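Accompanying notes for the structure given below.
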Amino acid sequence: MDELDTTQAALELAKFAGFRFLTTLVANPFNVAQTLLQVQHLPLAVREERTPASDGTPDPDDPAYYEYLRARHTGRTTRVVRATTDHSGYVDGRPGYELGALDSGKLSVVRKLIGHPTEGALSVFKGAFTQWTYDMLHLLLQPTLEGALNEALGVYDGSGDAVTGALTLVASVVAVGWALSPLELVRTRLVVQAASPIHRKYRGVIHTLRTVAREEGGLRSLYFSPFHLIPTLVKHTLDAVFRGLGANAINVITNVDAYEHPNMFACCELLWRTLSAVVMLPIDTVRTRLQAQPRYTQKEVEFRTCVPLARPYTGMANCLWRVVAEEGRGVKQMREKASNVGHYGLRGLYPGLSVQVMANFLVFGLGFIGADDDSAF
């Protein structure tokens with residue numbers, strides 16, 4: 282009987298893992314787009330960073346360079362190469378493996394990835410296995426640790442000790458998030474790196490972990506360096522508060538009961554989710570940028586990325602300030618007023634915010650539709 286129960290549990294776990302992997306694959310193109318939007322560096326002061334047009338010779342990293350060499354060898358060099366321009370109207374001197382300036386729409390980013398000569402359709406699935414591994418481990422470890430903490434502290438369902446239960450929830454989420462944080466860094470590096478085999482630095486989860494540990498001070502640096510530790514603790518603490526304690530917070534703050542006033546409670550949930558997006562997105566953006574930035578103690582191979590990255594940050598506060606100061610305007614506004622330097626804004630910290638808010642309203646609307654259908658019966 283025990284063997285049958287174990288086999289059945291293993292089959293159910295395998296089914297769940299397979300379903301989770303499929304859902305990860307479906308969502309991954311949009312997650313990749315979100316990550317690229319978060320890490321791309323689009324400074325307002327682009328005039329100083331752009332070089333004038335050259336004699337028409339493509340960059341050696343550009344696929345067109347080899348066509349240029351063949352044409353030069355055969356003597357057909359009379360064709361004039363038209364210089365491309367970037368989002369600000371200046372000559373685009375980026376290497377061939379790099380995407381152009383990305384607009385705020387995730388679908389447009391996905392289309393650019395698929396249509397890029399060195400990226401392609403498979404690039405939208407970068408980091409999918411790493412994300413799935415992280416999700417599965419988190420789903421297995423966090424409830425186990427929370428249950429162990431509750432048992433050790435004598436907290437059980439219906440015991441009425443809501444404060445201790447909330448603390449064990451937050452503690453378990455933070456502890457597991459910290460333990461698995463190297464996987465989050467690995468996923469960010471795999472997503473951001475150029476897909477071209479010539480320029481690719483990392484070749485998978487294990488190789489990335491080994492390379493990062495060898496070049497950046499070991500796993501101890503990933504776990505205990507303030508550069509990574511502080512953003513990890515802040516992100517997972519707030520994540521636990523907003524995702525795990527929403528119902529309790531609404532009940533305490535507004536005194537609205539979900540069973541007595543379901544419609545009012547749904548409105549409060551909408552506001553809570555929107556507040557979560559407004560607070561969490563800048564923190565996640567800053568943390569993702571820090572993860573994408575190697576902190577070498579020794580460097581073996583250059584880390585080439587499919588989007589331009591900023592100069593190295595010194596920490597969370599420095600990253601936050603520089604994003605606000607350097608990237609406060611969107612791509613369309615840059616095209617319209619490229620010469621206006623010194624603009625400060627928060628737009629650079631909120632890539633994809635409108636999509637999240639729209640998704641919250643969609644869930645809110647579907648909840649009302651479902652409630653109306655239930656009341657009809």
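By the count of the working numbering, the sequence shown reaches residue 658 at its end, each step adding exactly one.
Where a beta carbon is used, it is the ideal one built from N, C-alpha and C, also for glycine.
Here the structure is a predicted model, which is why all the values come from computation and not from measurement.
Query	Result
Contact belief for Glu379 with Cys548 at Cβ below 8 Å, rounded distance in angstroms	Not a contact, Cβ separation roughly 44 Å.
C-beta atoms of Thr578 and Trp413 nearer than 8 Å	no
Span of the alpha helix (DSSP H), counted from its first residue to its last, around Leu420	Ala409 to Leu434
Own chain, CB closer than 6 Å to Val486, minus 5 neighbours either side, in chain order	Thr411 and Val467
Through-space distance from Phe406 to Met597, alpha-carbon basis	28 Å
Inter-residue spacing [alpha-carbon to alpha-carbon] between Gly648 and Lys516	28 Å
Classification of Ala429 by the beta-carbon crowding that lies within 10 angstroms, buried from 16 upward	exposed
Exposure of Gln289, with buried meaning 16 or more beta-carbon neighbours within 10 Å	exposed
Residues that DSSP places opposite Thr518 in a beta bridge	Its beta-bridge partners do not exist; DSSP assigns none.
Every unbroken alpha helix (DSSP H) inside the region 431-518 [4 residues or more]	443-460, 462-473, 486-496 and 499-505
Option in Glu581, Leu294, Gln637 and Lys393 with minimal Cα separation from Tyr491	Going by the sequence as given, residue 491 is Arg instead of Tyr. Minimum Cα distance to Arg491 is reached at Glu581.
Chain C contact for Arg468 (CB, 8 Å cutoff)	No chain C appears in this structure, which consists of one protein chain only.
Residues of its chain near Leu464, where Cβ-Cβ distance is below 8 Å and the 5 sequence neighbours each way are ignored	Thr411, Thr414, Tyr415, Leu418 and Val486
Lys393: first and last residue of the uninterrupted alpha helix (DSSP H) it sits in	Lys387 to Gly396
8 Å Cβ cutoff met for Ile564 and Leu503	no
Own chain, CB closer than 8 Å to Asn246, minus 5 neighbours either side, in chain order	With the chain running from 282 to 658 in the structure shown, residue 246 is simply not present.
C-alpha distance - Ala476 paired with His488, whole-angstrom precision	15 Å
CB contact flag (Lys387, Phe311, <8 Å)	yes
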